[in-house]
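Numbering (full-length UniProt numbering), first residue to last: 1 to 203.
Here it is as structure tokens:
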């Protein structure tokens, strides 16, 4: 895909990771403004889900709810990152190799999305992401590390984009405007990401 600031572009969002990833000025940033259209497209293309029993075996880490409570300090307010279409996103810490939960400052940072219990559409998207995102490997897609599938907790664990949301970089007041050349590169990267996803034929 294209380059932004000399590096591969990445972009993600709080409601869905099915978008390309972009970097601003050489650093990664997550894009909470991107729509969930791509995830809905994949969901529609590969059918519906009736239960969690259909979840495939994969390289994804299966976390317990207690694991993610430890990783986020029990989802405390100071771990809060934002909120998307179907869940609240928290910052957590896990071991880089074993992916076991760790205390803050130890291991690697991850973004943990917690499903809203009342969100039926969110549950469908959660199933679609666990089922298909775990099969996708591309330098411009946000990596899904693992998930939690307990009856009282449906969560997703992603790589963390440390520069914050692209939405903030584009629209926040007082921020230094992003050069138009960079904006064009971001748009190209997102288009390439969507093209990749629309061309998928997953099993």
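In this text, a Cβ means the ideal position worked out from N, Cα and C, and glycines have one as well.
- Residue range 108-115 is occupied by the beta strand (DSSP E) that includes residue 114.
- Shown here, residue 142 sits in coil according to DSSP, grouped into three states, outside any helix or strand.
- Annotated three-state conformation of residue 90 is strand, per DSSP.
- Residues of the same chain with a CB within less than 6 Å of the CB of residue 114, apart from the 5 flanking positions on each side, are 87, 88 and 155 in chain order.
- Per the Cβ contact rule, the segment 90-97 is in contact with the segment 70-79 (3 or more Cβ pairs under 8 Å).
- Taking the Cβ atoms as the reference, residue 157 lies roughly 6 Å from residue 63, within the contact range of under 8 Å.
- Within the model, the alpha-carbon separation for residue 139 versus residue 199 is close to 16 Å.
- In the structure shown, residue 79 falls within a helical segment according to DSSP collapsed to helix, strand and coil.
- Beta-bridge analysis with DSSP links residue 101 to 94.
- Secondary structure note for residue 68: it is in no beta strand (DSSP E), and the uninterrupted alpha helix (DSSP H) holding it is 65-71.
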